[in-house]
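Every position in the sequence shown, counted from 1, becomes a number in this note's numbering once 479 is added. Okay, so here's the structure we're looking at.
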Amino acid sequence: APPAQDVDVPAWTPDMDQMLTLILRHTSFRFDEAARRMQSYVATVREAGGDLPDSVQPPSYDAVACRMRYAELDLRSCRALSGCPTSPSSPADPSETAPAAAAVPRGERMKESDLDCADGHGVLDVHALRCRLIAGES
480 APPAQDVDVP
490 AWTPDMDQML
500 TLILRHTSFR
510 FDEAARRMQS
520 YVATVREAGG
530 DLPDSVQPPS
540 YDAVACRMRY
550 AELDLRSCRA
560 LSGCPTSPSS
570 PADPSETAPA
580 AAAVPRGERM
590 KESDLDCADG
600 HGVLDVHALR
610 CRLIAGES
């Protein structure tokens, strides 16, 4: 795997997180459009004298930054809903999250009994499954 590159991650405020979520829902998760609206929002808040850190500048909030932030917010939400620990360190290499998916041989389907997260009526707890896959459990 190539070495991890240092990426400047823009600062996000709770208000910006909330705005990002609303914009993404409104744009049907079209991240390019959401980024344009997020940049406009940041510029408007700055022009109005809003209390933002100096590092919060509109160009920093491109589609990649918005996608990465939303992924982080979604992961936090998943962990909160499923009761997973909220503070495990994220792997530096995304391939480190793969072992759970690799636990099922290619061409075979997972069975509910393999997941151990179905209720007594055969309903799968998707949040628990996602958390287990993220944590790398098989």
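Backbone N, C-alpha and C define an ideal beta-carbon position, used for all residues, glycine too.
Within the same chain, P489 come within 7 Å of S539 by CB-CB distance, once the 5 residues on both sides are set aside. When the beta-carbon positions are compared, A542 and D511 come within less than 8 Å of each other.
For L531 against T492, the beta-carbon gap comes to about 7 Å, under 8 Å, which counts as contact. A direct Cα-Cα distance of roughly 22 Å separates V524 from D487.
DSSP places R516 in the uninterrupted alpha helix (DSSP H) bounded by 510–526. Distance from the CA atom of A527 to the CA atom of L560, rounded to whole angstroms, is 36 Å.
The Cβ atoms of L499 and M517 sit closer than 8 Å to each other.
If you draw a 10 Å sphere on the C-beta of R504, you find fewer than 16 other C-beta atoms in it, and that means exposed.
Closest option to F508, judged by alpha-carbon separation, among R558, D494, C557, R548: R548. For the set C545, C557, L552, the Cα lying nearest the Cα of R515 is the one of C545.
Take the alpha-carbon of D496 and the one of V521: they are about 12 Å apart.
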